[in-house]
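Using UniProt numbering, you'd call the opening residue of the sequence shown number 1 and step up by one each time.
Glycine included, each C-beta is placed from N, C-alpha and C at the ideal position.
Predicted model, so just to flag it, every value in this text is computed and none were measured.
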Amino acid sequence: MGMLRHELDPSHKKHDQNGPLFTIVREYFDGDEETVTRSKDKLHIDQGINLFETKILDHFHPYFAPLKSLVREWWKTLVHAYKFRGNEYYHIHDHIIRLLETAISRLEEDPTSWAQKEDTDREVERRATLRENTRQELHKLRTGSAPLVDTDTTSPASPLPSATLQNSPASSAAPDSPTRRPVKRRRKLA
């Protein structure tokens, strides 16, 4: 959402194109296909978890440190499923859901994660503002007319606020799927 770690942001004074974080991002995520494939293949060998620790987990931003154990266990489960095609392979979703539930309960009990709540709230607000500004600018570009007016500020898929547009009287009240909310039609307000 328009934000990079300082080491990766070319406009920041701490940007280092030859630094370890930049190198890791290039090797494992943003490099050419051959580089990314070769780097990720090394993570699947027997000593891969040690490499995963030093190359990936050791470079987590401190804000995400409480999630390291989740990511470590997730990675081990994926590698195990990939290698042996056993229980983990056939029930991978159940295993990952269990890992997520365990991580959530640990985070809820961890006082250090609550200490980061202010930072999280600030980031949520920054993203909401960015989303709203982008939405308004796109509306202006598309229609050349007045800004949209919001009537609903909750998203069906997220507990975070998000703007939606006013319902049209012609919109359907029944969802087209048991897991989806009714479709909301957009209309401009004068």
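When burial is assigned at 16 or more other CB atoms within 10 Å of the CB, is residue i buried or exposed?
| i | result |
| --- | --- |
| F84 | exposed |
| F60 | exposed |
| K13 | exposed |
| L52 | Note that residue 52 corresponds to Phe in the displayed sequence, not to Leu. Answer is buried; the Cβ neighbour count reaches 16. |
| M3 | exposed |
I think residue i touches residue j, with their Cβ atoms under 8 angstroms apart; what is that distance to the nearest whole Å?
| i | j | result |
| --- | --- | --- |
| S11 | E27 | Incorrect: roughly 23 angstroms between the Cβ atoms, too far for contact. |
| L67 | A103 | 7 angstroms |
| H139 | Y82 | The pair is not a contact, with the Cβ atoms about 45 angstroms apart (cut-off 8 angstroms). |
Hey, out of the options, whose CA is closest to residue i's CA?
| i | options | result |
| --- | --- | --- |
| Y89 | L78, L99 and R122 | L78 |
| R106 | H91, A65 and R142 | A65 |
| Y63 | E101, N50 and E118 | E118 |
| T23 | I49, K55 and E33 | K55 |
I'd like the list of long-range same chain contacts for residue i, defined as Cβ closer than 7 angstroms, with 5 residues on each side in sequence excluded.
| i | result |
| --- | --- |
| W74 | I96 and L99 |
| N18 | none |
| L21 | R5, E7, L8 and H59 |
| Q116 | Y63 |
| R72 | L57 |
| G86 | none |
Using a Cβ-Cβ cutoff of less than 8 angstroms, which residues in the same chain neighbour residue i once the five nearest sequence positions on both sides are dropped?
| i | result |
| --- | --- |
| E109 | none |
| T112 | P66 |
| F29 | V36 |
| S69 | A103 and R106 |
| G48 | K42 and V79 |
| V25 | L8 |
| K76 | I49 |
Identify, in the order they occur along the chain, each residue of the same chain with its Cβ nearer than 6 angstroms to the Cβ of residue i, setting aside the five sequence neighbours on each side.
| i | result |
| --- | --- |
| E33 | none |
| I92 | A81 |
| H15 | D9 |
| W114 | none |
Note to self: Which runs of the alpha helix (DSSP H) at least 4 residues long sit entirely within the region 39-94? Give them in chain order.
What the structure shows: Listed in chain order, the complete alpha helix (DSSP H) runs (minimum 4 residues) inside the region 39-94 are 48-55, 68-84 and 87-90.
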